[in-house]
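K.L.:
Each residue of the sequence shown is one higher than the one before, counting from 1 in the working numbering. Where is the CB? At the ideal position from N, CA and C, for every residue including glycine. Sharing a structure below in structure tokens format, with a few things to ask.
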Amino acid sequence: GAANPMEINGSVRYEWTGKSSEDDTYFNIADCDYDYLATLGFTLVEGRNFSRNFPSDSSAFIVTEEVVRRMGFADPIGQRLKGEGKEGPIIGIIKDFNNLGIRNRIQPTVFTLENGDPSASAFGEWATLFIRYQPGKAAEALEFIRNVHNKNHAGFPIQVDFLDEDFEYQFRTEMMVSTLSTCFTIIA
1 GAANPMEING
11 SVRYEWTGKS
21 SEDDTYFNIA
31 DCDYDYLATL
41 GFTLVEGRNF
51 SRNFPSDSSA
61 FIVTEEVVRR
71 MGFADPIGQR
81 LKGEGKEGPI
91 IGIIKDFNNL
101 GIRNRIQPTV
111 FTLENGDPSA
121 SAFGEWATLF
131 IRYQPGKAAE
141 ALEFIRNVHN
151 KNHAGFPIQV
161 DFLDEDFEYQ
171 FRTEMMVSTL
181 STCFTIIA
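Structure representation (structure tokens):
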């Protein structure tokens, strides 16, 4: 996948059947591969994930619950979206999540399958690889990642971040700001 799930900020104006001409709704967009949503633990609430068994998924969409609310469809699976040179059906709906950090309102987000060819990298030299590892096995996973990287891409830099630590940092920062705000309110 390409995007850190807490930093999805690109937006596209989509069209769909029944959309009002005055509706200027934009949805956040993220390109991903077949395993991105499952690896990061997104909850599928309806429909299905992207699948290598369906070549047509290269033009399909998976959307969040907030997208469905804004579209106003009672049964969104199979409804078509059109935008950014791609048109196709909604095949799945995932539970809403904070895609711009915990301090921001949940945004409607659309996922598209980037490059239907799993052997090709559409993300270029700045590719991001998300890896889920067993709890308590971070050191072993990190050693394995570094070994594979050095074997295949020696000389190129690698940066490893832990999404749970990113989220925990955001949460701690938010709690600290909240506490300081309460203190200032009491003092005032």
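Just tell me which of Ile106, Ile77, Val67 has its CA closest to the CA of Tyr14.
P.N.:
Taking only the C-alpha atoms, the option nearest Tyr14 is Val67.
K.L.:
Return no unless some Cβ of chain B is closer than 8 Å to the Cβ of Ile29.
P.N.:
You won't find chain B in this structure, because it holds only one protein chain.
K.L.:
Would you decide whether Ala139 is buried or exposed? Buried here means 16 or more other CB atoms lie within 10 Å of its CB.
P.N.:
By the 10 Å Cβ count, Ala139 comes out exposed.
K.L.:
Hey, which unbroken runs of the beta strand (DSSP E) at 3 residues or more fall wholly within the stretch 43-87?
P.N.:
Fully enclosed beta strand (DSSP E) runs of 3 or longer: 44-47, 61-64, 80-83.
K.L.:
If we ignore side chains and look at the alpha-carbon of each, how far apart do Phe61 and Thr25 end up?
P.N.:
About 17 Å.
K.L.:
Going by Cα to Cα distance, which pick from Phe27, Lys19, Gln79 is closest to Thr109?
P.N.:
It is Phe27 whose Cα lies nearest to the Cα of Thr109.
K.L.:
What does DSSP give as the partner residue(s) for Glu114 in the beta ladder?
P.N.:
DSSP output for Glu114 lists no bridge partner at all.
K.L.:
Over what stretch of residues does the beta strand (DSSP E) that includes Ile106 continue unbroken?
P.N.:
From DSSP, Ile106 is part of no beta strand (DSSP E); its letter is neither H nor E.
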